[in-house]
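Following: one structure in structure tokens, then a few remarks.
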């Protein structure tokens, strides 16, 4: 046998041996491959379930957050509505005493009122002082006193008059008091001023 034939025969034997080994390895590899594919399918299914659960949980959280926001908005709107309705409640309660005093003055029999005019005037004066004190607690203050300097932001001049001994642009007479609410003019005083 020639060297070439020997080499060829050895190659055939090697190929047959490899073929036998491959045939015996192939069933093992096929089992491992099918197990790996089954595991991959199982993991993919678990991943899909986990993703779906995460999406559902996120949707639930979004719905809860929306519901909570709606509740907060509704409560805030109710609070604002109540604040508008009852903002003056304390102010109103504080004025009730003044109203009571005025009603008592009106209930005084007419014949006694004439005899007690000074007492009635004193009562009205005290009631006015109480009323002014109450509104001042809420930031309402009177402006426009005789002798004050004229301020066009606070006063409305009706007339100028010449007054001896008084500087110009001073209030000489107050026809109607003005009022401010926390520094903001709600009604200017109507005044006469010196020239």
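In this note's numbering, the protein residues as written are 3 to 197.
Ideal placement from N, C-alpha and C gives every residue a C-beta, glycine not left out.
Out of curiosity, what's the CA-to-CA distance linking residue i and residue j?
{"i": "residue 44", "j": "residue 82", "result": "57 Å"}
{"i": "residue 91", "j": "residue 99", "result": "14 Å"}
{"i": "residue 70", "j": "residue 59", "result": "16 Å"}
{"i": "residue 137", "j": "residue 79", "result": "29 Å"}
{"i": "residue 176", "j": "residue 95", "result": "31 Å"}
{"i": "residue 47", "j": "residue 35", "result": "18 Å"}
{"i": "residue 87", "j": "residue 57", "result": "45 Å"}
{"i": "residue 128", "j": "residue 170", "result": "35 Å"}
{"i": "residue 68", "j": "residue 89", "result": "31 Å"}
{"i": "residue 108", "j": "residue 74", "result": "50 Å"}
{"i": "residue 119", "j": "residue 84", "result": "45 Å"}
{"i": "residue 55", "j": "residue 41", "result": "21 Å"}
{"i": "residue 106", "j": "residue 123", "result": "13 Å"}
{"i": "residue 180", "j": "residue 150", "result": "13 Å"}
{"i": "residue 184", "j": "residue 139", "result": "10 Å"}
{"i": "residue 141", "j": "residue 72", "result": "37 Å"}
{"i": "residue 66", "j": "residue 77", "result": "16 Å"}
{"i": "residue 189", "j": "residue 93", "result": "19 Å"}
Looking at the secondary structure, which residues open and close the beta strand (DSSP E) in which residue i lies?
{"i": "residue 137", "result": "Run containing residue 137: none in the beta strand (DSSP E); it sits in the alpha helix (DSSP H), 119 to 139."}
{"i": "residue 163", "result": "157 to 163"}
{"i": "residue 196", "result": "191 to 196"}
{"i": "residue 180", "result": "180 to 183"}
{"i": "residue 148", "result": "From DSSP, residue 148 is part of no beta strand (DSSP E); its letter is neither H nor E."}
My understanding is that residue i touches residue j, with C-beta atoms under 8 Å, so please give their C-beta distance in whole angstroms.
{"i": "residue 173", "j": "residue 148", "result": "6 Å"}
Touching by the beta-carbon criterion (3+ pairs, under 8 Å), the segment 187 to 195 and the segment 156 to 165: yes
Three or more C-beta pairs below 8 Å linking the segment 160 to 180 and the segment 116 to 133: no
Segments assigned alpha helix (DSSP H), at least 4 residues, entirely inside the segment 67 to 98: none
Every unbroken beta strand (DSSP E) inside the segment 23 to 62 [3 residues or more]: none
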